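Participant: With numbering that gives the first Met the number 0 applied, the sequence shown has no gaps in its numbers, which climb one by one up to 396 at the end.
Here a beta-carbon is modelled for each residue, glycine too, at the ideal position from N, C-alpha and C.
Small disclaimer: the values here were computed from a predicted structure and weren't measured.
First the structure, which I've put down as C-alpha cells, then a few questions once you've had a look.
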Amino acid sequence: MEKLAIFGGTPVRENKIYYGRQCIEQDDVDAVVATLTGDLITCGPKVQEVERMLCEVTGAKYAVMVSNGTAALHLAAMAAGFGPGDEVIVSAITFAASANCVRYCGATPVFADIENDTYNIDPEQIRRLITPRTKGIVAVDFTGQAVKLNEIREICREHHLVLIEDGAHSIGTKYEGQPVGSIADMTCFSFHPVKTVTCGEGGAITTNDEKLYQHLMRLRTHGITRDQAEMVHPTDAKWYNEQVELGFNYRLTDIQAALLCSQIKKLPKFSKRRKEIVAAYDEAFSQMPEIQVQKEIPESDTTRHLYVLRLRLEKLTCDRRQFFDALYAENTCPQVHYLPVYWHSYYEKLGYQRGLCPNAEAFYESSMSIPLYYMMTDEDVKDVIHAVKKIVDHYRK
Ligand SMILES: *Cc1c(COP(=O)(O)O)cnc(C)c1O
C-alpha cells in the first residue's frame with residue numbers, strides 16, 4: 000500500500016490543483032482590450048450583446064446582466080415581491096446567497112432538505128413546508144444538475160408561488176432538452192471565476208415575463224426610469240428621468256461584458272470537457288464501494304460545475320476531515336460545498352436549529368468537491384483518481 004503524503008509519503012503530484020479555475024485565452028484578452036479603447040466602458044453595447052447571447056444560450060426571452068450572482072438573486076427576490084411576513088422555501092445545501100436574498104427583502108427562508116441521491120432539493124419536502132405565508136421557492140441546481148423542475152413548477156402552480164432557480168452552477172444544463180434559464184419564473188446565473196463561464200464578477204437574471212424584465216431593469220439602476228409610462232410626473236424633456244422606487248447600482252461594465260461574450264462562445268467546449276471529466280470520475284468511483292456517485296436524473300443533461308466526492312463513512316475508518324486533509328496533502332486540493340446554510344452562525348442566531356434537514360447534514364459531513372475545470376489535463380484527472388484511490392485503500396475498513 001502506498002504511503003499517504005500526509006504521513007510523509009510522496010504526494011501524487013508536485014504542484015497543487017484546486018477544485019476550480021478559470022480559462023482565459025488570448026482571444027478573451029483581446030476582447031477586453033478592444034472594449035477599453037471604445038467609446039463606452041459601461042452601459043454600452045457589450046452589455047446588450049451579452050444579454051442577447053444569454054437569451055440565445057438559455058432560450059429565455061429576456062436577460063438582465065448585473066454585477067454578480069448575488070445581485071441577481073437580490074433583484075429576483077425583490078421582483079418576486081418577497082417581503083416581511085413572507086416565507087420562501089430554499090435548498091438547505093447551497094451557497095448562503097440563495098437564502099440571503101430572501102433576508103435582504105425581510106422575508107423568512109424556510110430550509111428544505113435534499114434528496115440523498117441527487118443532492119438537490121426534494122419536492123416532497125417542499126410540499127411539507129408550504130403554509131399560507133409561503134410566497135416562493137429558491138431552488139439551486141446543485142453541482143449543475145437541474146432540480147426536478149416539472150414537480151416543482153407543478154407545486155408553484157398549485158400554490159401560486161414564484162420560482163427562482165439559482166442557476167449559478169448550471170449554465171449549459173438542459174432539462175428535458177430545454178436549457179436552464181427559460182423554465183423557472185426567473186433564473187439567476189453567476190460568472191465568478193470558479194463557474195463554467197466567467198467575467199471576473201458578474202451575474203444575470205433570465206425570464207420570459209416582460210413585466211418582471213422591466214422591473215429588474217429598473218431595479219438594476221437605482222429604481223430610475225426613462226419610460227414616461229412608468230413615471231408619476233411624465234414629461235418629454237430629454238434630461239428627465241424619475242426614480243419611482245428604491246433600487247441599486249448593480250450594473251455590469253462593458254469591459255466585463257466583453258469578456259463574457261468571448262467566454263459564452265466557448266460554453267460548448269467547456270461543457271464537453273467537463274462532461275468528459277465527470278464521466279472519467281464516475282467510472283473510476285463507481286468501482287469503489289466506499290464512494291457514492293451522485294445520481295443523475297434522466298431529465299437533466301448536466302454541465303457539471305462541481306464534482307462531489309461523497310464518502311460512505313460506514314465503510315471507512317476515517318472521517319471527512321481526515322479524508323479531506325489527506326487529499327489536500329496529495330496536492331489534489333478539494334473544497335467543501337456546502338455547510339447547510341442554517342448552520343452559519345448568522346442563521347443560528349435567527350433561531351434555526353441543528354437537525355432541521357437530516358439529509359443535508361449527513362451530506363455535509365461526508366462530502367467534498369474535487370477538481371473539475373476545463374483546463375484539467377487527462378494527467379490531472381488521473382492524479383485525482385489516483386489520490387482518492389490511495390486514500391480509500393489506506394482507510395478501508
Ligand atoms: C456562486 C454562487 C452564487 C453567488 O454568485 P456571486 O457571483 O459569487 O455573487 C449564488 N448561488 C450559488 C449556488 C453559487 O454557487
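1. Can you list, in chain order, the residues of its chain with a C-beta nearer than 7 angstroms to that of residue 376? Leave out the 5 residues immediately preceding and following it.
2. Okay, do the stretch 251-258 and the stretch 26-35 touch, 3+ Cβ pairs below 8 angstroms being the bar?
3. Rounded to a whole number of angstroms, what is the C-alpha to C-alpha distance between residue 320 and residue 310?
4. Taking 7 angstroms as the cut-off, is the beta-carbon of residue 119 closer than that to any non-hydrogen atom of ligand 1?
5. Please classify residue 11: does DSSP put it in a helix, a strand, or coil?
6. Once you ignore the five residues that flank residue 62 on each side, which residues in its own chain have a CB closer than 6 angstroms to its CB?
7. For the alpha helix (DSSP H) containing residue 69, list its first residue and its last residue.
8. What does the Cβ neighbour count give for residue 344, buried or exposed, with the cut at 16 atoms within 10 Å?
9. Suppose you measure from the CA of residue 137 to the CA of residue 97; what does that come to, to the nearest Å?
10. Please state if the CB of residue 266 and the CB of residue 180 are separated by a distance shorter than 8 angstroms.
11. Give the C-beta separation of residue 128 and residue 190 to the nearest angstrom, bearing in mind that I take them to be a contact with Cβ-Cβ under 8 angstroms.
12. According to DSSP, simplified to helix, strand and coil, what is residue 203?
13. Can you tell me which of the three DSSP states residue 316 falls into?
14. Residue 328 and residue 5 - do their beta-carbons sit closer together than 8 angstroms?
15. Report the partner residues of residue 146 according to the DSSP bridge assignment.
16. Could you tell me which uninterrupted alpha helix (DSSP H) segments, each at least 4 residues in length, are contained entirely in the stretch 134-181, listed from first to last along the chain?
17. Quick check: does the Cβ of residue 94 come within less than 7 angstroms of any heavy atom belonging to ligand 1?
18. Going along the chain, which residues of its own chain have a beta-carbon closer than 6 angstroms to the beta-carbon of residue 158, five neighbours each way excluded?
19. Starting from residue 61, trace the beta strand (DSSP E) both ways and give me its first and last residue.
20. Out of 341, 385, 19 and 18, point me to the one whose CA is closest to residue 352's CA.
21. Use the C-beta contact count for residue 308: other C-beta atoms within 10 angstroms, 16 or more gives buried, fewer gives exposed.
22. Go to residue 88, then tell me how far its alpha helix (DSSP H) extends in each direction, as first and last residue.
23. Assuming residue 301 and residue 177 are in contact, meaning their beta carbons sit under 8 angstroms apart, how far apart are those beta carbons, in whole angstroms?
24. Between the Cα of residue 117 and the Cα atoms of 295, 389 and 326, which residue gives the shortest distance?
25. For a test of your reading of the model: does the CB of residue 200 fall under 7 angstroms from any non-hydrogen atom of ligand 1? Yes or no.
26. Shorter than 7 angstroms, the distance from the beta carbon of residue 69 to the closest heavy atom of ligand 1, or not?
27. Going straight from the alpha carbon of residue 207 to that of residue 60, what length do you get?
28. Following the continuous alpha helix (DSSP H) through residue 216, name the residue where it begins and the one where it ends.
29. Please classify residue 119 as buried or exposed, where buried requires at least 16 other C-beta atoms within 10 Å of its C-beta.
30. The alpha helix (DSSP H) with residue 35 in it runs from where to where?
31. Identify, in the order they occur along the chain, each residue of the same chain with its Cβ nearer than 6 angstroms to the Cβ of residue 434, setting aside the five sequence neighbours on each side.
32. Would you mind stating whether residue 450 and residue 337 have Cβ atoms separated by less than 8 angstroms?
33. Here's the rule I'm using: 16 or more other beta-carbon atoms within 10 Å means buried, otherwise exposed. How should residue 239 be labelled?
34. Counting only runs of 3+ residues fully inside the stretch 253-321, write out the beta strand (DSSP E) ranges in chain order.
35. Between residue 373 and residue 304, what straight-line distance do the alpha-carbon atoms span, to the nearest angstrom?
36. Given that a residue counts as buried once 16 or more other Cβ atoms are within 10 Å of its Cβ, and exposed if not, what is residue 233?
Facilitator: Let me spell this out:
1. none
2. yes
3. 11 angstroms
4. no
5. coil
6. Answer for residue 62: 50, 53, 54, 203 and 205, listed in chain order.
7. 68-78
8. exposed
9. 7 angstroms
10. no
11. So it is not a contact: roughly 31 angstroms between Cβ atoms.
12. strand
13. coil
14. yes
15. In DSSP, residue 146 forms no bridge with anything.
16. 148-158
17. yes
18. 129
19. 61-65
20. 341
21. buried
22. Here residue 88 belongs to no alpha helix (DSSP H); instead the beta strand (DSSP E) covers 86-90.
23. Not confirmed; about 13 angstroms, so no contact.
24. 295
25. yes
26. Residue 69 has its CB nearer than 7 angstroms to a heavy atom of ligand 1.
27. 5 angstroms
28. 209-219 is the extent of the alpha helix (DSSP H) around residue 216.
29. buried
30. 25-35
31. The displayed coordinates of the chain run from 0 to 396. Any statement about residue 434 would go beyond what the structure contains.
32. Outside the displayed span of the chain (0 to 396) sits residue 450, for which this structure offers no information.
33. Under a 10 Å Cβ-count criterion, residue 239 is classified as exposed, with fewer than 16 other Cβ atoms of the shown protein chains found around its own Cβ.
34. 306-310
35. 10 angstroms
36. exposed
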